[in-house]
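Right, one structure below, let's go through it.
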Amino acid sequence: MYVVNKNFVPQINMNHLSQTISFSQSGIGMACIAIILTPLLGFLINGLFNKKLSTSLVGIIACAAIIIPFVLSCYLFTAIPEEGITVHLFDWINVGNLHLDMSFLVDHLSLVMLLVITGVGSLIHIYSVGYMHHDEDYPRYMSYLNLFVFFMLLLVLGSNYVVMFAGWEGVGLCSYFLIGFWFKNNEYNNAAKKAFVMNRIGDLGFLLGLFLLFQKFGSLSYHEIFGAAPAVLNGNATVTAICFLLFVGAMGKSAQIPLYTWLPDAMAGPTPVSALIHAATMVTAGIYMIVRSNILFQLAPSASEFIAIIGTLTALFAATIGLKQTDIKKVLAYSTVSQLGYMFAALGVGAYDSGMFHVVTHAFFKALLFLCAGSVIHAMSGAQDIRSMGGLKKYLPITHLTFLIGVLAISGVPGFAGFFSKDEILSKVYASGHFVLFILLAITSVLTAVYMFRLYWLTFHGKFRGTHDQQHHLHESPTSMTFPLMVLAVLSIVGGYMGMPEWLSEHHLFSSFLHPVTGSAPHIHASHTFEMVVLAVSIIALVLIAYTTYTQYVTKHVVPEDDNQLKGVPKLLTNKYYIDELYENAITKPLNSISAFMYNFVEKYIIDGAVNGTGWLTTNSGVLLKQLQTGNVGFYVFAMVIGICLMLLKLLF
Amino acid sequence: MNTLANNIPINYYLILSGILFCIGVMGVLMRRNAIIILMCIELMLNAVNLLLAAFSVMHNDAGGQVMVFFIMAVAAAEVAVGLSILVLIYRNVKSVDINILNRLKW
Amino acid sequence: MSQIAFYILSFLSVVSALLVIFSKKPVHSVLYLVFCFFTIAGHYVLLNAQFLAAVHIIVYAGAIMVLFLFVVMLLNLNADIEPHKDNVLKVSAVVAGGCLMLIMTSVMKTADTMPIIDSTNQIGVVKNLGLALYQTYMLPFELLSVLLLSAMVGSVLIAKKEDIENLPQ
């Protein structure tokens, strides 16, 4: 069993330092720069020419701006050596002892993220063409998506923390743009603001972490920091502070307790946005950042422990809320928060490769689920309440099938992607000695299956509960929308096989692929018997869950009651534990009253008083002084001569 | 060949131009005829020119004398504009007494 | 020899300068000033600044002072037009100017060394000055011509009698 050792020093193989090349030096460099710049170009074209372009051209440009990077990423995947390559674009900041390069690190970790972002991103772009092309602001939407991809690529490709931070802020900005995309609705604007502000709180932590890093290392580049970290920081309390602050950043971006409440509200944006930004890519930036900094986190066992606890609690907490949500996107949003909690739990116990593995599989099946939800909403003419759905199976056959695959994947049914990654996390959490966390995560896993099956039965089975108009309008989505669904469904099945557990395959493909980056973390070894037991229990539990939810929601036609008829625990869950209200009362209202005081007293009397007083003083002293201006030139000259005399006298003494 | 070779201390020039300058200042202060005032300004300029030339010779640097040359050009421009303004004023108020030109105030 | 020349020239400069400010008639003032400028030209010669001496006589005595004389005569200002002599003003002016002179002289006296001017150097001859003017000070020299041109245009524009009736509306 893995025991946290305080004096553990990760072994960094200095030969692993990647070689640095100039961007024009080789095909790899050119490809890397092209990957970054193509989405930016797409954003500029669509953003600048906006409505002057025809709808189809906008779609073609936007999709090309992400498919080209995807193809190039595949090329990089084959071409990058194990230790990675740093592509130097230009010297960015060179002030005093701060030297920052605009350079990009392509190694196995960023390749994984690169493929997920561009791959899933491409599918979602194609889907968006079908989903959004009726919208009057379609070009703006597509340009924001491209901009988002640009910043996301900047985030994962940056070779130092500042480039990462630039991307980090950029994706937050795009998230704000896209959540508030339909800005005529004030609630959506508020959701966008909430997301932005909550992210800022996290970003402050991240930024402080970077300052501390710079103070300790005098550099912010990954190579220098990770190379020097064991020597500089071992047994030093600073490393705990740095890791804690970085995690605060991750909390904000990846929606962990206590900064998670923005993510469910972020569902105000168009559904493909929820799929791309708030499920597959941006929210996993926090996980990427921690995996990237795994050398630091290995040196800070207490911070890692904290991450594991927060992750587990978030997973459980969000899963319980998800049980009672009735908005199809909100269920998926809480499930995203919950799955992110899983990933953090994995990172916290040191299973960085498992965390990344779950990022990848989660990107597949959660994007799939969101896009299916989008297809359902599309068919329902915008309605999102599952109480008014039901029986959609026969109207939306493709959506139904793909959604089912997504549900099976996220619930962890053996053979689907979610099973491999989730069970790997569970067994590693157990094997690292965190028994309580393991139990909580196992309960979460059960809850996940419950709310996902509930969602599935309520949406696709039983009788249709909506209005007649809606029923008349039901139709399968166009091919541009169903094609990405099918591709993602296939990925949600096969995506798991790159990380088969040890008792199935000797070789964990994903883990060994990430080995150059996370290899210094101690290997957590779970016993095969334990994994088999987990598998057996999970199969039994899943069958039971599927059966009971089926009888509950399909056979007995139970429909969730109206929110105001609920009592006790269900009411608590429906209202999300009143966390939003708690924040409102504990933070927002005091802040507002302080602001009111500042305005009514400080601003009005002290600041305005000072400003107006200055004006009054100037005017009145002017009135006094203007007596001196007689218009008599002789007098002026006299005054001048006397002044000169005085100045010369000063020179004398 | 230079028969005028002298060895006058620079302080003499300092004091001479100081005196000339102060005479100019006195003139500006006590005369009210604008033309005389302009002439006194010329006198002051010349005091400075003399000093510049003296220093230029002392430091063996042509810059000082070039500066004198420039000052002369600026003085010429100044006199031309100043005198034309005076002509205009005289045409309007039939006087060049600066004491009656005191409207430039609040 | 040059010491004596310096003293004589200085004496003449100061006296003529004083006469400029104390003579009652503007025409006299102008003429005294011309004389004063001649003595200053003499100083330039003493400093071996021949070019300056020549330019000084041409520009100042020749052009500027003639302009003054011309304006004085044009406006017929030769009559003593200053309405009343304000003696308080005069005394205070002399006192203020005297103070300034005193202070200036004492400030100048604090200059620690008394270097001797070696006027055998050839810096002031036309050739050397011309080289400096057309090499180092080329740009200011050219800009000076713009200044003179604008001064010329400006003075013509200012002094022109405006034909108010025929102004284009």
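Chains as they are written, first to last, in the numbering used here: chain U, 28 to 680; chain B, 19 to 124; chain Y, 462 to 630. Just so you know, even glycine gets a beta-carbon here, dropped at the ideal spot from N, CA and C.
Check, Outcome
"Between Leu470 (chain Y) and chain U, is the shortest Cβ-Cβ distance under 7 Å, so that the two count as touching?", "no"
"Taking only beta carbons into account, state which residues of the region 26-37 of chain B come closer than 9 Å to chain Y, listed in chain order.", "Ile26, Pro27, Ile28, Asn29, Tyr30, Tyr31, Leu32, Ile33, Leu34, Gly36 and Ile37"
"Does the distance from the CB of Ile54 (chain B) to the CB of Ser490 (chain Y) come in under 7 Å?", "yes"
"Comparing C-alpha positions only, which one of U:Ala573, U:Val544 and U:Ser402 sits nearest to Tyr22 (chain U)?", "Residue 22 (chain U) lies beyond the residue range present for chain U, which begins at 28 and ends at 680; the question has no answer from this structure."
"When the cut-off is 7 Å and only beta carbons count, does Cys672 (chain U) lie next to chain Y?", "yes"
"May I ask you to report which of helix, strand or coil DSSP gives Asp134 (chain U)?", "coil"
"Can you tell which of U:Ala548, U:Met416 and U:Leu474 has the C-alpha that lies nearest to the C-alpha of Gly493 (chain U)?", "U:Met416"
"Excluding sequence positions up to five away, which residues of its chain have a Cβ less than 7 Å from the Cβ of Ile632 (chain Y)?", "Only positions 462 to 630 of chain Y appear in this structure, which leaves residue 632 (chain Y) out of reach."
"Nearest-angstrom Cα distance between Leu507 (chain Y) and Leu470 (chain Y)?", "10 Å"
"Excluding five sequence neighbours on each side, which residues of the same chain lie with their C-beta closer than 6 Å to the C-beta of Ala373 (chain U)?", "Ser381, Gly382 and Ile452"
"Using CA atoms only, rank isn't needed, just tell me which of U:Lys78, U:Ser186, U:Val85 and U:Ile48 is closest to Leu68 (chain U).", "U:Val85"
"Which bits of chain B does Asn659 (chain U) rub up against, with CB to CB less than 8 Å?", "Asn117 and Asn120"
"Note down, in chain order, every chain U residue with its Cβ under 8 Å from the Cβ of Leu561 (chain Y).", "Val668, Ile671, Cys672 and Leu675"
"Taking C-beta pairs closer than 8 Å, name the residues in chain Y that Leu679 (chain U) reaches, listed in chain order.", "Ile564, Ser567, Val568 and Thr571"
"Nearest to Glu110 (chain U) by alpha carbon, out of U:Thr545, U:Phe446, U:Ser246 and U:Val434?", "U:Thr545"
"For a contact meaning CB atoms closer than 8 Å, what does Val99 (chain B) contact in chain U?", "Residues of chain U passing the Cβ test: none, with the nearest at roughly 17 Å."
"Touch check for the region 508-527 of chain U and the region 442-451 of chain U: three-plus C-beta pairs under 8 Å?", "yes"
"In three-state terms, what does DSSP make of Thr353 (chain U)?", "coil"
"Does DSSP put Thr21 (chain B) in a helix, in a strand, or in coil?", "Any answer about Thr21 (chain B) is weak, because its pLDDT of 46 lies below 50 and its placement is not dependable; what the coordinates show is given next. Coil, per DSSP."
"Are the CB atoms of Gly148 (chain U) and Ile93 (chain U) nearer to each other than 7 Å?", "yes"
"According to DSSP, Phe117 (chain U) sits in a beta bridge with which residue or residues?", "U:Met129"
"Quickly, what does DSSP pair Ser248 (chain U) with across the bridge? List them, please.", "U:Asn187"
"Among U:Lys420, U:Leu536 and U:His500, which one has its Cα closest to the Cα of Phe487 (chain U)?", "U:Lys420"
"Is it the case that the Cβ atoms of Phe384 (chain U) and Phe537 (chain U) are separated by a distance below 7 Å?", "yes"
"So what's Ile48 (chain U) in DSSP terms, helix, strand or just coil?", "strand"
"Which residues in chain Y sit within 9 Å of Asn110 (chain B), going by Cβ to Cβ distance?", "None at all; the shortest Cβ gap to chain Y is about 11 Å."
"According to DSSP, simplified to helix, strand and coil, what is Asp115 (chain B)?", "strand"
"Taking CB distances under 7 Å as the criterion, tell me whether Tyr663 (chain U) reaches chain Y.", "no"
"Give me the residue from U:Tyr632, U:Asn602, U:Ser130 and U:Leu468 with the minimum Cα distance to Pro291 (chain U).", "U:Asn602"
"Return the first residue and the last residue of the alpha helix (DSSP H) that Trp289 (chain U) is part of.", "Trp289 to Asp292"
"Just the C-alpha distance for Asn20 (chain B) and Val86 (chain B), rounded to the nearest angstrom, thanks.", "Bear in mind that the predicted position of Asn20 (chain B) carries a pLDDT of just 46, short of 50, making it unreliable; the figure below should be weighed with that in mind. About 23 Å."
"Going along the chain, which residues of its own chain have a beta-carbon closer than 7 Å to the beta-carbon of Gln656 (chain U), five neighbours each way excluded?", "none"
"So who's on the other strand from Asp412 (chain U), going by DSSP bridges?", "U:Asp354"
"If we define contact as Cβ-Cβ less than 7 Å, is Val475 (chain Y) a contact residue for chain B?", "yes"
"Do the CB positions of Val266 (chain U) and Leu273 (chain U) come within less than 7 Å of each other?", "no"
"Extract the residue ranges of the alpha helix (DSSP H) inside the region 248-333 of chain U, only unbroken runs of 4 or more that lie entirely within it.", "249-260, 264-280, 289-292, 298-302, 312-319 and 321-325"
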